[in-house]
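Below is one structure, written out as structure tokens, with a few remarks after it.
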Ligand SMILES: Cc1cc2nc3c(=O)[nH]c(=O)nc-3n(C[C@H](O)[C@H](O)[C@H](O)COP(=O)(O)OP(=O)(O)OC[C@H]3O[C@@H](n4cnc5c(N)ncnc54)[C@H](O)[C@@H]3O)c2cc1C
């Protein structure tokens, strides 16, 4: 992708060319074609997560009919899709919709200050070559994701330096890593670990998933059978819409069930695990110390981890790491603490207990709230922008849109 100097004034400035940034750009193009926007990206390519993560088997956890955009049907065979298929989807969209013309690569946004006198965001972006750009924007949209791209979380494993083998972080997977015939330990129990273990199992000599705390896991189909039927019966867009609605309804149902009847859902998951693993099922590797969906539920497409375990190609060990030596990992018996959400809890934005500043975790209801519900909370106040601006309307705290003075 070409790096070009961004303009100094713009209506909307979007930060990031991942799913969120492309979604915003796509919607602006469709719904507000008269508005000028630009997208700034610190990397050299679009895709964010889906360009950066290159470990074996990298894939979505959600079905792409809901993770994909409502305005662009997902056409690939798999609903749970590989990273490169998601990247193809995004690349096609930015080219077909000419979003790429508004993208500027190699610029990292380093500051954003609100200038009340101009009613503009003054954004500073640093170019990779040391240049900088200052841009005034009416609206600033953060689609910058939640990773620290350069410094991923350091698990601070005790004595790792003594390990004589190779260590790899999934965020920086070496393209030419040869693991054929090697004994591999994957530390972790989340979606990344489950994916990597399943993908490496047939090539490595042995793959062991070493987890401190089990996660709830569920097998699910990689390909959406009903979605494929809809594609045969209906034109492309209605078929996509139907599949999307079906999947939103199913997800909402299971998430609701996890809140209303966690034991019922837990028993259902245990049944699926026992059925898939048969003799290899050991409850201590699959029983988290929390209810399903209190932390992320880990989906495995077509039960691939269970298949690898049944064949003896993959193993799970539940324990704590005591240290390392030249040849491997030393274990101690485990206690339970949980994963990345717990670890970063203090850094996460907080929600309030009541609306409008909370989410119900129900896609349809939250979407309706976002779009229609006023944000009147008795505290937040909306004021008219400076009379020197050309902003033509705004919402008051009660949700009424009102025309205001323009230049
Ligand atoms: C392997 C994997 C699988 C996942 N599967 C799912 C799933 O199935 N469902 C789901 O909901 N989520 C999933 N996620 C989470 C996933 O990251 C998000 O769903 C989604 O892709 C995030 O998109 P985004 O555009 O918000 O952020 P990102 O993809 O992180 O993109 C942010 C972009 O902003 C750029 N950027 C950041 N800061 C700056 C700056 N200061 N200046 C300029 N540019 C900047 C970054 O370089 C990046 O390109 C998965 C994550 C991983 C790693």
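Residue numbers (the numbering used here): 324 to 730. Note that beta-carbon positions come from the ideal geometry of N, C-alpha and C, so glycine has one too.
{"query": "Segment contact, 8 Å Cβ cut-off, at least three pairs: the stretch 500 to 514 with the stretch 583 to 600", "result": "no"}
{"query": "Pair within 8 Å by beta-carbon distance, residue 327 and residue 427", "result": "yes"}
{"query": "DSSP three-state assignment for residue 434, whether helix, strand or coil", "result": "strand"}
{"query": "Residue interval of the alpha helix (DSSP H) (run including residue 638)", "result": "Segment 637 to 641 is the beta strand (DSSP E) holding residue 638; no alpha helix (DSSP H) there."}
{"query": "Residues bridged to residue 651 [DSSP beta-bridge criterion]", "result": "648"}
{"query": "Boundaries of the alpha helix (DSSP H) in which residue 303 is found, first to last residue", "result": "The shown model of the chain, from 324 to 730, leaves out residue 303, and the question about it has no answer."}
{"query": "Coarse secondary structure for residue 496, derived from DSSP in three states", "result": "coil"}
{"query": "Distance cut-off 7 Å: residue 364 Cβ against heavy atoms of ligand 1", "result": "yes"}
{"query": "The stretch 383 to 400 contacting the stretch 338 to 357, beta-carbon criterion three pairs below 8 Å", "result": "yes"}
{"query": "Residue 599 versus residue 588 - alpha carbon distance", "result": "17 Å"}
{"query": "Three or more C-beta pairs below 8 Å linking the stretch 548 to 561 and the stretch 631 to 644", "result": "no"}
{"query": "Residue(s) in a DSSP beta bridge with residue 541", "result": "622"}
{"query": "Span separating the alpha-carbon of residue 485 from that of residue 559", "result": "56 Å"}
{"query": "Contact test: residue 432 Cβ vs ligand 1 heavy atom, cutoff 7 Å", "result": "yes"}
{"query": "Length of the line joining the Cα atoms of residue 527 and residue 628", "result": "14 Å"}
{"query": "Test item: CB-CB of residue 607 and residue 633 under 8 Å", "result": "no"}
{"query": "Assigned exposure category for residue 730 - 16 Cβ within 10 Å defines buried", "result": "Bear in mind that a pLDDT of 26 at residue 730, under 50, signals an unreliable position, so the number given afterwards is only what the model happens to contain. Residue 730 should be labelled exposed."}
{"query": "Supposed close pair residue 446, residue 463 - CB separation, criterion 8 Å", "result": "6 Å"}
{"query": "Any non-hydrogen atom of ligand 1 within 7 Å of residue 468 CB", "result": "yes"}
{"query": "Inter-residue spacing [alpha-carbon to alpha-carbon] between residue 516 and residue 649", "result": "23 Å"}
{"query": "Residue 383 CB to nearest heavy atom of ligand 1 below 7 Å", "result": "yes"}
{"query": "Backbone CA spacing between residue 684 and residue 678 [nearest angstrom]", "result": "12 Å"}
{"query": "Endpoints, beta strand (DSSP E) assigned at residue 363", "result": "360 to 364"}
{"query": "Span separating the alpha-carbon of residue 541 from that of residue 652", "result": "28 Å"}
{"query": "Span of the alpha helix (DSSP H), counted from its first residue to its last, around residue 343", "result": "342 to 354"}
{"query": "C-alpha gap between residue 645 and residue 511, whole angstroms", "result": "15 Å"}
{"query": "Inter-residue Cα distance where the pair is residue 383 and residue 419", "result": "23 Å"}
{"query": "Backbone CA spacing between residue 520 and residue 508 [nearest angstrom]", "result": "9 Å"}
{"query": "Local Cβ density within 10 Å of residue 378, reported as buried at 16 or more and exposed below that", "result": "buried"}
{"query": "Cβ-heavy atom distance, residue 327 to ligand 1, below 7 Å", "result": "no"}
{"query": "Heavy atom of ligand 1 within 7 Å of residue 477 beta-carbon", "result": "no"}
{"query": "Own chain residues within Cβ distance below 6 Å of residue 655, not counting five before or after", "result": "643, 645"}
{"query": "Per-residue burial, residue 412 [other beta carbons within 10 Å of its own, 16 or more giving buried]", "result": "buried"}
{"query": "Residue 372 - containing alpha helix (DSSP H), residue span", "result": "372 to 375"}
{"query": "Distance cut-off 7 Å: residue 333 Cβ against heavy atoms of ligand 1", "result": "no"}
{"query": "Environment of residue 455 [buried if 16+ CB atoms lie within 10 Å]", "result": "exposed"}
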